[in-house]
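Enquirer: Input: one structure, supplied below.
Residue numbers (full-length UniProt numbering): 1 to 152.
Given below as structure tokens:
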């Protein structure tokens with residue numbers, strides 16, 4: 001968490017405690033979210049970018065785009081982004097329109113919370129403004145959206 005130069009995060013001591021939010025001069029909202037036994041730190045980047053530019057930004061300043069291996073992580077981040085009312089790139093993509101969805105760490109997507117299926121979209125976003133829990137949306141990777149980075 002130190003040395004990034006882009007804000008700070010507050011660690012949550014309780015599994016059910018919502019993270020504190022801080023907005024830095026670079027328009028990054030930082031979350032320190034504890035999920036289960038392993039703390040995961042997510043950073044909401046409010047500067048719209050393509051999926052590949054968002055990934056470069058996350059790799060430069062944090063670790064990578066957010067990986068949500070479990071539904072618990074999905075719903076924790078979903079609750080943390082509800083107030084933002086926006087579209088956020090996640091570290092989820094597929095190599096072809098016929099391929100399966102994988103996270104940037106190589107793991108396959110193990111749950112389905114798709115809002116709407118876009119057969120052409122190869123990069124996934126979380127749509128915090130939608131009313132239902134199904135907030136994953138397949139999008140064209142060159143669209144410009146905010147993003148969620150994952151820290152150490």
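All residues carry an ideal CB built from backbone N, CA and C; glycine is no exception.
Taking the alpha carbon of residue 97 as the reference point, which residue from 78, 128, 125 and 121 has its own alpha carbon closest?
Expert: Of the listed residues, the one whose Cα sits closest to residue 97 is 121.
Enquirer: Measuring alpha carbon to alpha carbon, tell me which residue in 137, 87 and 58 is nearest residue 93.
Expert: It is 137.
Enquirer: Look at the alpha carbon of residue 24 and the alpha carbon of residue 101, and state the distance between them as a whole number of angstroms.
Expert: Here residue 24 scores only 39 on pLDDT, less than 50, and its place in the model should not be relied on; the value that follows carries that caveat. Answer to the nearest angstrom: the Cα atoms are 32 Å apart.
Enquirer: Got a sec, what are the start and stop residues for the alpha helix (DSSP H) residue 61 sits in?
Expert: Note, residue 61: alpha helix (DSSP H), 51-61.
Enquirer: Of the residues 84, 68, 76 and 118, which one's Cα is nearest the Cα of residue 47?
Expert: Measuring from the Cα of residue 47, the nearest candidate turns out to be 84.
Enquirer: Our contact map puts residue 66 next to residue 77 with C-beta atoms below 8 Å; I'd like the distance itself, whole angstroms only.
Expert: Their Cβ separation, rounded to whole angstroms, is 7 Å, which keeps residue 66 and residue 77 in contact under 8 Å.
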